[in-house]
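Okay, so here's the structure we're looking at.
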Amino acid sequence: MSSRYKYFEAIEKHAWLLGILTAIFLSFGGLAEVLPLFVAANKVEAPEDVEPYDPLRLAGFETYVQNGCYVCHSQMIRHLGFETARYGQHSTAEESVYDRPMQWGSKRTGPDLARVGGKYTDEWHREHLKDPRSVVPSSNMPRYNWLEDKDIDAKRLQGSMRAMQRLGAPYTDEDIEQAAKAVEGKTQMDALIAYLQGLGIKNTPKSNPKAKEVPAS
Amino acid sequence: MQTQETYNDHVVRLFLLASVVWGLIGMSVGVFIAAELYWPNIDLNFPALTFSRLRPDHTFGVIFAFGGSALMGTCFYVVQRTGHVRLAYSKLAEFVFWGWQLSCVLSMLTMPFGLTQGKEYAEPEWWIDILIAIVWVAFAVVFFATLARRRIRHIYVANWYYGAFIIAVGMMHVVNNLALPVAMTRSVPIYSGVVDAMVQWWYGHNAVAFILTAGFLGMMYYFVPRQAQRPLWSYRFSIINFWALISVYMWAGAHHLMYTALPDWVQSVGMAFSLILVMPSWGSSANGLLTFNGVWHKLKDDAAAKFMVLSLIFYGAATMEGSIMAVKTVNTLSHYTEWTVAHVHSGSLGWVAMITIGSLYAMAPRVLGQEIHSKKAMEAHFWLHLCGTLIYVIAMWSAGIIQGLMWREIDADGSLVYSFLASFETIKPFFALRWFGGCLVLTGMVLMAWNLWHTASRARRETLEPIPVPTSDPVYGEVETQASPN
Numbered sequence: 001m002s003s004r005y006k007y008f009e010a011i012e013k014h015a016w017l018l019g020i021l022t023a024i025f026l027s028f029g030g031l032a033e034v035l036p037l038f039v040a041a042n043k044v045e046a047p048e049d050v051e052p053y054d055p056l057r058l059a060g061f062e063t064y065v066q067n068g069c070y071v072c073h074s075q076m077i078r079h080l081g082f083e084t085a086r087y088g089q090h091s092t093a094e095e096s097v098y099d100r101p102m103q104w105g106s107k108r109t110g111p112d113l114a115r116v117g118g119k120y121t122d123e124w125h126r127e128h129l130k131d132p133r134s135v136v137p138s139s140n141m142p143r144y145n146w147l148e149d150k151d152i153d154a155k156r157l158q159g160s161m162r163a164m165q166r167l168g169a170p171y172t173d174e175d176i177e178q179a180a181k182a183v184e185g186k187t188q189m190d191a192l193i194a195y196l197q198g199l200g201i202k203n204t205p206k207s208n209p210k211a212k213e214v215p216a217s
Numbered sequence: 218m219q220t221q222e223t224y225n226d227h228v229v230r231l232f233l234l235a236s237v238v239w240g241l242i243g244m245s246v247g248v249f250i251a252a253e254l255y256w257p258n259i260d261l262n263f264p265a266l267t268f269s270r271l272r273p274d275h276t277f278g279v280i281f282a283f284g285g286s287a288l289m290g291t292c293f294y295v296v297q298r299t300g301h302v303r304l305a306y307s308k309l310a311e312f313v314f315w316g317w318q319l320s321c322v323l324s325m326l327t328m329p330f331g332l333t334q335g336k337e338y339a340e341p342e343w344w345i346d347i348l349i350a351i352v353w354v355a356f357a358v359v360f361f362a363t364l365a366r367r368r369i370r371h372i373y374v375a376n377w378y379y380g381a382f383i384i385a386v387g388m389m390h391v392v393n394n395l396a397l398p399v400a401m402t403r404s405v406p407i408y409s410g411v412v413d414a415m416v417q418w419w420y421g422h423n424a425v426a427f428i429l430t431a432g433f434l435g436m437m438y439y440f441v442p443r444q445a446q447r448p449l450w451s452y453r454f455s456i457i458n459f460w461a462l463i464s465v466y467m468w469a470g471a472h473h474l475m476y477t478a479l480p481d482w483v484q485s486v487g488m489a490f491s492l493i494l495v496m497p498s499w500g501s502s503a504n505g506l507l508t509f510n511g512v513w514h515k516l517k518d519d520a521a522a523k524f525m526v527l528s529l530i531f532y533g534a535a536t537m538e539g540s541i542m543a544v545k546t547v548n549t550l551s552h553y554t555e556w557t558v559a560h561v562h563s564g565s566l567g568w569v570a571m572i573t574i575g576s577l578y579a580m581a582p583r584v585l586g587q588e589i590h591s592k593k594a595m596e597a598h599f600w601l602h603l604c605g606t607l608i609y610v611i612a613m614w615s616a617g618i619i620q621g622l623m624w625r626e627i628d629a630d631g632s633l634v635y636s637f638l639a640s641f642e643t644i645k646p647f648f649a650l651r652w653f654g655g656c657l658v659l660t661g662m663v664l665m666a667w668n669l670w671h672t673a674s675r676a677r678r679e680t681l682e683p684i685p686v687p688t689s690d691p692v693y694g695e696v697e698t699q700a701s702p703n
C-alpha cells in the first residue's frame, strides 16, 4: 500500500475526523445553492402594487395548505410554450413572495392553479368543491363539502399575521386588529374560494397585464 | 472477574418489530389512497380520510416510520457487530426507540386532521419537529459513542454511510423546519416563495439522498457481504463512492424546479450534478452486485439474497432514470406527471423496500436465534413484491409519458390539442392497475409479518440467549482483515 494511504487511513480510524469531514463535504452543495438565494431573496420583493393577503384570503391560504391541495395541484407555470398556452403567462418569483410555505407543488393530478382566479364564478367553485363530480363527471377530486361547516379561527389568523409581520410582510397593527371582523361569520369554504379567486390576479403586479389574460384550456 | 459483555439486541428486536408494523400501516394507507384516486367516493366523505389529507400519512409512514425504524434498528445492529462492542448507553438507545415511535405516532395521528406545515415530506407541525430533533440527537449520541468505544480500530464502511445519514438528516431537518410557531396547529415558516422552494427541495431531494440512499447503502454494505459470505468486491471502491456520493448529492436538489421561477443558474447546476451522480450510484450498485461473484448459486434457494440482488438492480436503474429525468429537456415532459410517481416507487419499492426486506430476513434469524419460520413464505413474498412493483411502476410510467405527451401536443396553428381533462381520462385506467400492484406488495408484507411473528414466538418460547461480544482478542489489524464484516 502506498505511503500516501496512511493519511487517508487516519480518517478510517478516527470517528471524529470522519464525522467532521463528512459534515464539511455535505455542506458545500447546500451553501453554494441556498445561500446565494437568501441574498437574492432580499431583491425579490413584491412590487409596490401587490399587497399581502387580506385576512379572508389568508384564511383561505391556510385552508389550502391544511387540506393538502398542493399534493395534486401545482401553482407554478413553467417557462414553456405549451404551459403558457394552457395556463397563462409563466409564474414569477414575485408572485409567491408572501407564501409561507410556498405552494408551487410537484404533481398535477389536477390542473395548475397559479392563474385560476377569475376563470370560474364563485358559485362554480362552491359547487365544485362540494361535489366535484356534479360539475366535472369524470373527476377524481375528493369532496370538500364539510368545509362549509368549519369556522375560521380568528385568533390563530391574527397570530399568523403577526408572525408574518415580524418576518417582513407589510401588515399594520390595525390590519391585524381588524382581521377578526373581516372573517366574522365566514366559513373555511368562503375563505378558500376567496383565495382561489385571487390567484394570478391579486398577487400579480398590475404592471404585468399579460398575466391576467386567461387562455382557453 | 468481569461479566461477559453481550450485544444489545433487545433494542434491535424492538426496531425490527416496529419497522414491520409501520411497513404494514404505511403501505396499507398507500393502497387505500391509490384506490381513492380511482374510486374517489370511498373516503366516505370523512375529512381525515380525504386523499389530500391522508397522503402525508403514506409518505411519512413508509419513509420515516418504516424506513426510519429499519435504519435505526440495522444501524444499531451493524455498529455493534463491526466494532465488536456493546451499544453505548442502553437507556438512551431505549429512549431513541420510544421517542421515535412517539414521533411517528403523533405525526400519523395529527396530519390527517389538518395539523400540517404543508411542506412536502416535512408535514408534521413544529412541536413534533422539536421532538424529532431531540430523538435524532440522542440517536447520533448513541451511534457515535458506540463507534468511539469500538474494539476494531478500522471503521467499517457501512458505518460511514450510517454516519453520513445521521449527520445530514439532522442538518436538513433543522434547516428546513425553521418556523415561527403560532398555535399548536399552525406555524409560519421563516422562508417564503422562491427561497422556501429551494430549501424545500434541497431538503426533499436530500431526504431521498441520505435516508433512502445513504442510510440504506449502509444496510447494503453490511448485509450483502454477510449474506453472500464473501468480502466486498472492492473495499476501496466503496470509499471512493462514499465521498463522491455525499459531496455530489447535496447539489442536485434544484432538478425538482426546472423551468420554474428559480434562477436559471441554480437549475443548471442542479442538472449538472444530477448527471454526475450516476457515477457513485452505479459504483455502489456494481460493488454490491459483484460481491455475489462466485456465489450466484445462492440465489436459487436464498430469498433474502434474491431481495438484495434485485434491490441493487433497481437501485442502478432508478438512479440512472433519476439522472435522465434531471436533464432539462426530459424534465419538460416528466415534471408534474405520473412519471415522477413511477420513479419514486421504482426507487422505494424496488431499492429501499427490497434491501430492507432482504436485510430483515437476514438479521431476524440472528437476533432471534431461530431459523425463519417458513422459507416458502419468503419465496412467495419475493415474487409478490417483484410482480407488484413491476405492475405499479410500468402502469405509472405509461400513464406519465402519455400524460406528458398529451399536455405538450400542439397542432399546426399553435393551439393545444388536448384539454387537461382529456389527458386525465386517458390515464385513469392505469390508476386501477397501480392499485392492484400495490395490493400485491402489501400482501407480501402481510406474509412477512406473519412469518416473522412465528419466528419470534418460537424464539420467545425457547428463551433467547444474549450473544456475547468477541472481546478476548482485540484486533488492531490491517484494513484487509476487516473488509468482510463478521
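These protein sequences, in sequence, are chains D and U.
Position 29 of the first sequence, counting from 1, maps to 29 under this note's numbering, and the rest follow consecutively.
Position 414 of the second sequence, counting from 1, maps to 631 under this note's numbering, and the rest follow consecutively.
C-beta: ideal position from N, C-alpha, C; glycine also.
Checklist entry - In three-state terms, what does DSSP make of leucine 199 of chain D? => result One-based indexing of the first sequence puts residue 199 of chain D at position 199. In the three-state reduction of the DSSP assignment, leucine 199 of chain D falls in the coil class.
Item to check | alpha helix (DSSP H) segment containing alanine 520 of chain U, residue limits | outcome: Taking the second sequence and counting its residues from 1, one reaches residue 520 of chain U at position 303. Annotation for alanine 520 of chain U: the continuous alpha helix (DSSP H) segment containing it runs 520-542.
Next on the checklist: So if DSSP puts aspartate 151 of chain D in a beta bridge, which residue, or which two residues, is it bridged to?
Outcome noted: Along the first sequence, read from residue 1 onward, the residue named residue 151 of chain D stands at position 151. In the DSSP output, where bridge partners are listed per residue, aspartate 151 of chain D has D/Thr187.
Next on the checklist: For chain U, check one thing: does any of its Cβ atoms lie closer than 8 Å to the Cβ of tyrosine 7 of chain D?
Outcome noted: Translated into the one-based positions of the first sequence, residue 7 of chain D becomes position 7. No, its Cβ sits nowhere closer than 8 Å to a Cβ of chain U.
Next on the checklist: Starting from valine 116 of chain D, trace the beta strand (DSSP E) in both directions and tell me its first and last residue.
Outcome noted: Start at 1 with the first residue of the first sequence, and residue 116 of chain D comes out as number 116. Valine 116 of chain D: not part of any beta strand (DSSP E); DSSP gives it neither H nor E.
Next on the checklist: Measuring straight from C-alpha to C-alpha, what distance separates leucine 21 of chain D and phenylalanine 28 of chain D?
Outcome noted: Residue numbering aside, residue 21 of chain D sits at position 21 when the first sequence is read from its first letter. Residue numbering aside, residue 28 of chain D sits at position 28 when the first sequence is read from its first letter. About 11 Å.
Next on the checklist: Can you tell me where the beta strand (DSSP E) holding alanine 400 of chain U begins and where it ends?
Outcome noted: Here residue 400 of chain U corresponds to residue number 183 of the second sequence, with the count starting at 1. Its beta strand (DSSP E) spans residues 396-400.
Checklist entry - Cβ of glutamine 237 of chain D less than 8 Å from any chain U Cβ? => result Because chain D in this structure spans residues 1 to 217, residue 237 of chain D falls outside the shown range and cannot be described.
Checklist entry - Out of curiosity, what's the CA-to-CA distance linking serine 563 of chain U and threonine 546 of chain U? => result For the purposes of this step, residue 563 of chain U is taken as residue 346 along the second sequence, with counting starting at 1. For the purposes of this step, residue 546 of chain U is taken as residue 329 along the second sequence, with counting starting at 1. Serine 563 of chain U and threonine 546 of chain U: Cα-Cα distance of roughly 22 Å.
Checklist entry - serine 591 of chain U by DSSP, collapsed to three states: which one? => result Position 374 of the second sequence, counted from the first residue, corresponds to residue 591 of chain U. Judged by DSSP in its simplified three-state form, serine 591 of chain U adopts coil rather than helix or strand.
Checklist entry - Looking at C-alpha atoms only, which residue of U/Trp377, U/Val405 and U/Val391 is the closest neighbour of tyrosine 452 of chain U? => result For the purposes of this step, residue 452 of chain U is taken as residue 235 along the second sequence, with counting starting at 1. The residue with the shortest Cα to Cα distance from tyrosine 452 of chain U is U/Trp377.
Item to check | Cβ of alanine 40 of chain D within 8 Å of any chain U Cβ | outcome: The residue you call residue 40 of chain D lines up with position 40 of the first sequence. Judged by the 8 Å Cβ criterion, alanine 40 of chain D is in contact with chain U.
Checklist entry - How would you label isoleucine 644 of chain U, buried or exposed, when you count the other beta carbons within 10 angstroms and need 16 or more for buried? => result Indexing the second sequence from 1 puts residue 644 of chain U at position 427. Buried, since its Cβ has 16 or more Cβ neighbours within 10 Å.
Next on the checklist: Quick check: is the beta carbon of leucine 429 of chain U nearer than 8 Å to any beta carbon in chain D?
Outcome noted: Within the second sequence, residue 429 of chain U is the residue found at index 212, counting from 1. False, the Cβ-Cβ gap to chain D never drops below 8 Å.
Next on the checklist: Just verifying my parser: in three-state terms, what is the DSSP assignment at leucine 37 of chain D?
Outcome noted: Looking up residue 37 of chain D in the first sequence gives position 37. Three-state result, leucine 37 of chain D: helix.
Checklist entry - Got a sec: is the Cβ-Cβ distance from leucine 218 of chain D to anything in chain U below 8 Å? => result It is not possible to answer for residue 218 of chain D, since the shown part of chain D is limited to 1 through 217.
Checklist entry - Residues of chain U with CB under 7 Å from alanine 93 of chain D, in chain order? => result In the first sequence, counting from the first residue as 1, residue 93 of chain D sits at position 93. Near alanine 93 of chain D (Cβ distances below 7 Å), the residues of chain U are Gly410, Val411 and Ala478.
Next on the checklist: Can you tell me which residues form a DSSP beta bridge with serine 404 of chain U?
Outcome noted: If you number the second sequence from 1, residue 404 of chain U lands on position 187. According to DSSP, serine 404 of chain U bridges with U/Pro398.
Checklist entry - CB-CB under 7 Å to alanine 559 of chain U, same chain, minus the five flanking residues each way: which ones, in chain order? => result As a first step, residue 559 of chain U must be located in the second sequence, where it is residue number 342. These residues qualify, in order along the chain: Val610, Met613, Trp614 and Gly617.
Item to check | Contact with chain D by glutamine 297 of chain U, beta-carbon distance below 8 Å | outcome: Here residue 297 of chain U refers to the residue found at position 80 of the second sequence. Chain D, which has no Cβ nearer than 8 Å to the Cβ of glutamine 297 of chain U, makes this no.
Item to check | Pick from U/His473, U/Gln587, U/Gly387 and U/Val228 that is closest to lysine 107 of chain D, judged by C-alpha positions | outcome: Residue mapping note: residue 107 of chain D aligns to position 107 of the first sequence, counting from 1. Closest in alpha carbon position to lysine 107 of chain D, among U/His473, U/Gln587, U/Gly387 and U/Val228, is U/His473.
Item to check | Chain-order list of residues whose beta-carbon lies under 7 Å from that of glycine 198 of chain D (same chain, five-residue window excluded) | outcome: Here residue 198 of chain D refers to the residue found at position 198 when the first sequence is read from its first residue. Answer for glycine 198 of chain D: Arg57 and Gly117, listed in chain order.
Next on the checklist: Report the start-end ranges of each alpha helix (DSSP H) in the region 303-360 of chain U that is 4 residues or longer and not cut off at the edges.
Outcome noted: Segments of the alpha helix (DSSP H) lying fully in the region 303-360 of chain U: 307-327.
Checklist entry - Is the region 476-487 of chain U touching the region 503-518 of chain U, taking contact as three or more C-beta pairs under 8 Å? => result Remark: fewer than three beta-carbon pairs, one from each stretch, lie closer than 8 Å, so the region 476-487 of chain U and the region 503-518 of chain U are not flagged as touching.
Next on the checklist: Using the Cβ count rule (16 or more neighbours within 10 Å means buried), how would you classify glutamate 12 of chain D?
Outcome noted: Walking along the first sequence from the start, residue 12 of chain D turns up at place 12. Classification of glutamate 12 of chain D: buried, given that the 10 Å Cβ count is 16 or more.
Checklist entry - Residue ranges of each alpha helix (DSSP H) run of no fewer than 4 residues wholly in the region 560-620 of chain U, ordered along the chain? => result As for any alpha helix (DSSP H) of minimum length 4 sitting wholly inside the region 560-620 of chain U, the runs are 571-585, ordered along the chain.
Item to check | Nearest residue (CA-CA) to tyrosine 553 of chain U, options D/Val135, D/Asp99, D/Asp190 and D/Glu83 | outcome: By one-based count along the second sequence, residue 553 of chain U stands at place 336. For tyrosine 553 of chain U, the nearest C-alpha among the options comes from D/Glu83.
Next on the checklist: Going by DSSP, what residue range makes up the alpha helix (DSSP H) through methionine 76 of chain D?
Outcome noted: Here the question's residue 76 of chain D lines up with position 76 in the first sequence. Judged by DSSP secondary structure, methionine 76 of chain D falls outside any alpha helix (DSSP H); it is assigned neither H nor E.
Checklist entry - valine 302 of chain U and threonine 220 of chain U look like a contact to me (Cβ under 8 Å); what is the Cβ gap, rounded to whole Å? => result Against the second sequence, residue 302 of chain U aligns to sequence position 85. Against the second sequence, residue 220 of chain U aligns to sequence position 3. Going by Cβ atoms, the distance from valine 302 of chain U to threonine 220 of chain U rounds to 15 Å, so no, they are not a contact pair.
Item to check | Endpoints, alpha helix (DSSP H) assigned at cysteine 656 of chain U | outcome: One-based indexing of the second sequence puts residue 656 of chain U at position 439. 637-678 is the extent of the alpha helix (DSSP H) around cysteine 656 of chain U.
Item to check | Outcome for isoleucine 250 of chain U when other beta-carbon atoms lying within 10 angstroms are tallied against a minimum of 16 | outcome: Here residue 250 of chain U corresponds to residue number 33 of the second sequence, with the count starting at 1. Isoleucine 250 of chain U should be labelled buried.
Checklist entry - How many angstroms separate the CA atom of tryptophan 146 of chain D from the CA atom of proline 257 of chain U? => result Residue numbering aside, residue 146 of chain D sits at position 146 when the first sequence is read from its first letter. Residue numbering aside, residue 257 of chain U sits at position 40 when the second sequence is read from its first letter. Cα to Cα, tryptophan 146 of chain D sits roughly 16 Å from proline 257 of chain U.
Checklist entry - What residues of chain U sit near tyrosine 195 of chain D, judged by a beta carbon separation below 7 Å? => result If you number the first sequence from 1, residue 195 of chain D lands on position 195. The contacting residues do not exist; tyrosine 195 of chain D stays about 13 Å from chain U at best.
Checklist entry - Are the Cβ atoms of asparagine 393 of chain U and valine 425 of chain U separated by less than 8 Å? => result Taking the first residue of the second sequence as position 1, residue 393 of chain U is located at position 176. Taking the first residue of the second sequence as position 1, residue 425 of chain U is located at position 208. Cβ atoms of asparagine 393 of chain U and valine 425 of chain U: not closer than 8 Å.
Checklist entry - Does the beta carbon of glutamine 334 of chain U come closer than 8 Å to any beta carbon on chain D? => result As a position in the second sequence, residue 334 of chain U is number 117, starting the count at 1. By this cut-off, glutamine 334 of chain U is an interface position.
Checklist entry - Buried or exposed: where does isoleucine 259 of chain U fall if 16 or more other Cβ atoms within 10 Å of its Cβ makes it buried? => result Residue 259 of chain U sits at position 42 when you count from the first residue of the second sequence. Within a 10 Å sphere around the beta-carbon of isoleucine 259 of chain U sit fewer than 16 other beta-carbons, which makes this residue exposed.
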